[in-house]
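Chemist: The end of the sequence shown is residue 443 by our numbering, with every number in the run present.
Positions of the beta carbon are idealized from the N, C-alpha and C atoms, including for glycine.
A quick note: this is a predicted structure, and the numbers were derived from the prediction, not measured.
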Amino acid sequence: MINKESNDKKTLKSPVILRRIICILCVLLVLSGAGLVVVSAAPGSGDSPTLELYKRHASDNEAFDVSNMVPGDKVTKDFTVRIHHNDPLTLYFKAEVTEQTKKLGDVLQVSVTDEASGETVCRGTFAELDGVEFSQTITGSAGGSTDVTYRVDAWLDTSVGNEYQQALLKADLYWYVKDDGGHTEPTEPSQPTTPTTPTKPGGGDKGDGGLTANTGDTMNLVLWTVFAACALAIIILLIKSRIDRDRNSGSGGSSNGSQDDPNSDEADAAVQKKLHRSMLIAVLLALMLIVTTFALITSIVSVKDNTFETGIVRINLNDGEPVIRENEYLFEPGMRVQKHFFIKNEGSIDAYYKVYMEDVAGDLADVLQLTITDDESGKVLYQGTADELTRGSAAVSDDIITAGESKNLTILFYFPKERGNEAQDKNLSFRMSATATQVRNNPGHAFE
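(1) Restricting to Cα atoms, I'd like to know which of Thr120, Phe74, Val362 and Ala137 is closest to Thr108.
(2) Terminal residues of the continuous alpha helix (DSSP H) containing Leu124?
(3) If you count every other CB in all the chains shown that lies within 10 Å of the CB of Gln95, and 16 or more means buried, which is it?
(4) Residues in the same chain with beta-carbon distance under 6 Å from Val70, minus the five sequence neighbours each way, listed in chain order, please.
(5) Any Cβ of chain B within less than 8 Å of the Cβ of Ile344?
(6) Over what stretch of residues does the beta strand (DSSP E) that includes Met330 continue unbroken?
(7) Closer than 6 Å by C-beta to Tyr87: which residues in its own chain qualify, once you throw out the five before and the five after it? Chain order, please.
(8) Report the residue from Pro411, Arg51, Leu423 and Glu304 whose alpha carbon sits nearest the alpha carbon of Asp358.
(9) Using 8 Å as the Cβ pair cut-off and three pairs as the minimum, do the stretch 291 to 306 and the stretch 321 to 341 touch?
(10) Nearest to Lys165 by alpha carbon, out of Glu443, Leu404, Phe59 and Lys173?
(11) Check the DSSP bridge columns for Lys339 and list the partner residues they point to.
(12) Return helix, strand or coil for Ile229, following the three-state DSSP convention.
(13) Identify which residue in Gly119, Thr368 and Gln433 has its Cα closest to the Cα of Lys89.
(14) Measure the CB-CB distance between Ala111 and Thr85 and report whether it falls below 8 Å.
(15) With Val65 and Gln433 assumed to form a contact (beta carbons below 8 Å), what rounded beta-carbon distance in angstroms separates them?
(16) Within 10 angstroms of its Cβ, does Ala226 collect 16 or more other Cβ (buried), or is it exposed?
(17) Buried or exposed: which applies to Lys465, given that a residue is buried once 16 or more other Cβ atoms fall within 10 Å of its Cβ?
(18) Count the other CB atoms, across all protein chains shown, that sit within 10 Å of the CB of Gly448; report buried if there are 16 or more and exposed otherwise.
(19) Residues in the same chain with beta-carbon distance under 8 Å from Asn436, minus the five sequence neighbours each way, listed in chain order, please.
(20) Helix, strand or coil for Thr385? Go by DSSP, reduced to three states.
(21) By DSSP, does Arg414 sit in helix, in strand, or in coil?
(22) Per DSSP, what kind of secondary structure is Gly41 in: helix, strand or coil?
(23) For my contact list, Val105 and Leu151 are in at a C-beta cut-off of 8 Å; report their separation, rounded to the angstrom.
(24) Hey, could you find the ends of the beta strand (DSSP E) Thr75 is sitting in?
(25) Tell me Ser294's beta-bridge partners as DSSP assigns them.
(26) Going by the CB atoms, is the gap between Val355 and Phe410 shorter than 8 Å?
(27) Is the stretch 366 to 375 touching the stretch 399 to 409 in the sense that three or more CB pairs, one from each, lie closer than 8 Å?
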């Protein structure tokens, strides 16, 4: 009986402590929410700076959505961050890679430049910059706001190899300030950008500031979704508690009988249930407090799901079938044999192509005369012997074969009459091959 009584006292004491914790959390939550309302209602009027993505032009602040990138490609986007503030501050930038294949981040370059001053905030591959925090000093604004436009460039060097074809990278871009009680000097880059002439847009909605960025930012949506979910869960728990209390009142309350009394066990279970419910409410209130506190002390804008995909060059030569089969013809002086085959661009980008022969063997390699012709244009791509049709001297077409396009070609084999008896009992074997290269950023038609 002594142990039972002691446990009852502890059980009764726990809800009291939890109720006090819940009351404290409610008070803090109300104060935090009130502070957030004040900051959001008057951005820049207090000590806490706030941010929004400001749309100067229709194309501003739109996430990258790039497909079929090839070596030498470069894409550019502008992002304008409007800062509501009076005092000098530090603006931070960070890029985070969220998804990639074939380690595209190792070769995909990115730079962030302040357009007003021309200073580079950061530059490197996505792999090098992933998660690294860069900072920039922003001077105080007498007008209460500063607009800083950043040019973000992403590109692939012409030296990037074929192993990065059909690769993907997704990244999120963040700009933010920290309300840490004062201005701090930036540590990266070594020469931070400091706009001395802030942009003064002529008109336009300045937005609500804080976590209510007008364009491109989804952080506020996530935070307030969490807040709303917690609030809904608390409401459900309170309603359920009220229903249980009414049910217990209707049943005449709990009994104070012996330890073996079923009513006593039910009462203990009800107390434990109430205790667990109170603990859950306290946790949810704490989470809501974290959300409002984060919203109050941190202003952040983001551009999510920037997507970069590389293209691929792929050629199908006659479905892999031989152009002419072994022992299909017995060549004689003066004989001509014409065979048709095709080449198809199964890649995602336009290409130049050339056909050539590999593994050439046999004494007829320098006897038979070959002529390769484009059926549509009638253009002769190559004329000569098989041993001369190497990759280096291959039949090159200046015509572009677009993605998905097929071209029909004809190869003519001719046994010159004058070669006569000297070429009897000779043979020729070879493997017909083709290669292709990108058209874009390749003015010299380079295949290597």
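Modeler: So, from the listed chains and residues:
(1) Per the Cα distances, Phe74.
(2) That run of the alpha helix (DSSP H) goes Phe121 to Leu124.
(3) Result: buried.
(4) Val61 and Ala149, listed in sequence order.
(5) You won't find chain B in this structure, because it holds only one protein chain.
(6) Run containing Met330: none; DSSP gives neither H nor E here.
(7) Closer than 6 Å at the Cβ level, and outside the excluded window around Tyr87, lie Glu128, Ser130 and Tyr171.
(8) Ranking Pro411, Arg51, Leu423 and Glu304 by Cα distance to Asp358 puts Leu423 first.
(9) Contact between the stretch 291 to 306 and the stretch 321 to 341 is absent, because fewer than three Cβ pairs lie under 8 Å.
(10) Checked all of Glu443, Leu404, Phe59 and Lys173; the closest Cα to Lys165 is Phe59.
(11) Residue pairing of Lys339 in beta bridges, as defined by DSSP: Asn311 and Ser401.
(12) Here DSSP, grouped into helix, strand and coil, assigns Ile229 to helix.
(13) Checking every option, the nearest Cα to that of Lys89 belongs to Gly119.
(14) Not in contact: Ala111 and Thr85 (Cβ atoms no closer than 8 Å).
(15) At roughly 5 Å, the Cβ-Cβ gap stays under 8 Å, so Val65 and Gln433 are in contact.
(16) Ala226 should be labelled exposed.
(17) Here the chain has residues from -4 to 443 only, and residue 465 is not among them.
(18) Only positions -4 to 443 of the chain appear in the structure, and residue 448 is not among them; the question remains open.
(19) So the qualifying residues of the chain are Val65, Pro66, Gly67, Asp68 and Thr153.
(20) Secondary structure of Thr385 (DSSP, three-state): coil.
(21) Of the three classes helix, strand and coil, the one that applies to Arg414 here is helix, per DSSP.
(22) Residue confidence for Gly41 is low, a pLDDT of 48 falling below 50, so the modelled location carries little weight; the figure read from the coordinates is stated next. If DSSP states are grouped into helix, strand and coil, Gly41 belongs with coil.
(23) The beta carbons of Val105 and Leu151 sit about 11 Å from each other, so the pair does not count as a contact at 8 Å.
(24) Lys69 to His79 is the extent of the beta strand (DSSP E) around Thr75.
(25) Checking the DSSP bridge columns, you'll see Ser294 partnered with Val172.
(26) No, the Cβ-Cβ distance between Phe410 and Val355 is not below 8 Å.
(27) By the C-beta criterion, the stretch 399 to 409 is judged to be in contact with the stretch 366 to 375, since at least 3 inter-stretch pairs fall below 8 Å.
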